[in-house]
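For the sequence shown, the positions run 8 to 261 when this note's numbering is used.
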Amino acid sequence: MLALQRRAVIRTQPAAAMYPTMSNYIIIEYTNNSATDGVNLSTLLPPLANLTDEDTNQTIPDYLNVTRELPIQYAQPMYGYVMPLLLLITIVANTLIVVVLSKRHMRTPTNAVLMAMALSDMFTLLFPAPWLFYMYTFGNHYKPLSPVGACYAWNVMNEVIPALFHTASIWLTLALAVQRYIYVCHAPVARTWCTMPRVLKCVAWISVLATLHQSTRFVDRVYEPLVIKWRDQEHVTVCQYCLHQLCVVECCTD
Numbered sequence: 008m009l010a011l012q013r014r015a016v017i018r019t020q021p022a023a024a025m026y027p028t029m030s031n032y033i034i035i036e037y038t039n040n041s042a043t044d045g046v047n048l049s050t051l052l053p054p055l056a057n058l059t060d061e062d063t064n065q066t067i068p069d070y071l072n073v074t075r076e077l078p079i080q081y082a083q084p085m086y087g088y089v090m091p092l093l094l095l096i097t098i099v100a101n102t103l104i105v106v107v108l109s110k111r112h113m114r115t116p117t118n119a120v121l122m123a124m125a126l127s128d129m130f131t132l133l134f135p136a137p138w139l140f141y142m143y144t145f146g147n148h149y150k151p152l153s154p155v156g157a158c159y160a161w162n163v164m165n166e167v168i169p170a171l172f173h174t175a176s177i178w179l180t181l182a183l184a185v186q187r188y189i190y191v192c193h194a195p196v197a198r199t200w201c202t203m204p205r206v207l208k209c210v211a212w213i214s215v216l217a218t219l220h221q222s223t224r225f226v227d228r229v230y231e232p233l234v235i236k237w238r239d240q241e242h243v244t245v246c247q248y249c250l251h252q253l254c255v256v257e258c259c260t261d
């Protein structure tokens, strides 16, 4: 008779916690067959009081849990309450900059770079905003995130895309500094090098290079569904992840 693979889920935190998280549980693989039928599982496991940090680190898999990524007592006020105010200021200010600099009489090489910087800075906050509102402003940070597609979306919109636009903004600032240096120190050359077509090509290349710079982060995590017991629910699907493709067989498969 084929052995059946099962998971035992053991709670390691007091039940009185206001927001129990995924880190409150240990997930242990064991085999159930005719030789082990009727055996009390507690006799196969060490007492919970004797579990050390090293033991729990070995038995708890990596899964997407927002409350484990950052200290929640600091993350929720900053991302939940301060961030919306900064987002509002950023959107209003950068939108006004783009509207003004896009007018025909304002189209200069310098203003083209400034407009690209304004868009990059705005998108740096705009893309993660929906997730930050959901997780921190609305207080859903302790809930499991599923399905797997939502976990990929969280990683891309909250980590990868903001880093991409932030990288582009930094490089655009460097390009603006080089442009001003040419204008001031090499004025005759500026008429050749700092033309509008060349500046637009430079902005386009910076966008492409920033995307390539962050491109590996789109695929450096692999998410797999993992079913556990959470609070009073018997079957809750969470996202188990690996940071490298070589880890898939080890920690993302049964």
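No residue lacks a Cβ here, since even glycine has one placed at the ideal position from N, Cα and C.
A straight-line Cα-Cα distance of about 40 Å links residue 246 and residue 104. Across the structure, residue 134 and residue 160 are spaced so that their CA atoms are roughly 11 Å apart.
Assignment of residue 220 by DSSP, reduced to helix, strand and coil, places it in the helix class.
Between the alpha carbons of residue 124 and residue 222 lies a gap of roughly 20 Å.
Residue 126 and residue 185 have their alpha carbons spaced roughly 20 Å apart.
If you draw a 10 Å sphere on the C-beta of residue 228, you find 16 or more other C-beta atoms in it, and that means buried.
According to the DSSP assignment, residue 190 belongs to no beta strand (DSSP E) but to the alpha helix (DSSP H) extending over 168-192. Of the other Cβ atoms in all chains shown, fewer than 16 fall within 10 Å of the Cβ of residue 145; this residue is therefore exposed.
Secondary structure note for residue 230: it is in no alpha helix (DSSP H), and the uninterrupted beta strand (DSSP E) holding it is 229-237. With fewer than 16 other beta carbons inside 10 angstroms of its own, residue 203 counts as exposed. Residue burial annotation: residue 230 is buried, with at least 16 other C-beta atoms found within 10 angstroms of its C-beta. Shown here, residue 226 sits in coil according to DSSP, grouped into three states, outside any helix or strand. Burial check for residue 116: the Cβ neighbour count within 10 Å reaches 16 or more, so the residue is buried.
When the beta-carbon positions are compared, residue 182 and residue 213 come within less than 9 Å of each other.
Residue state for residue 88 is assigned as helix, using DSSP reduced to three classes. Residue 195 counts as exposed, since fewer than 16 other beta carbons sit within 10 angstroms of its beta carbon.
Note on geometry: alpha-carbon atoms of residue 210 and residue 172 lie some 12 Å from one another. When DSSP states are grouped into helix, strand and coil, residue 149 belongs to the coil group.
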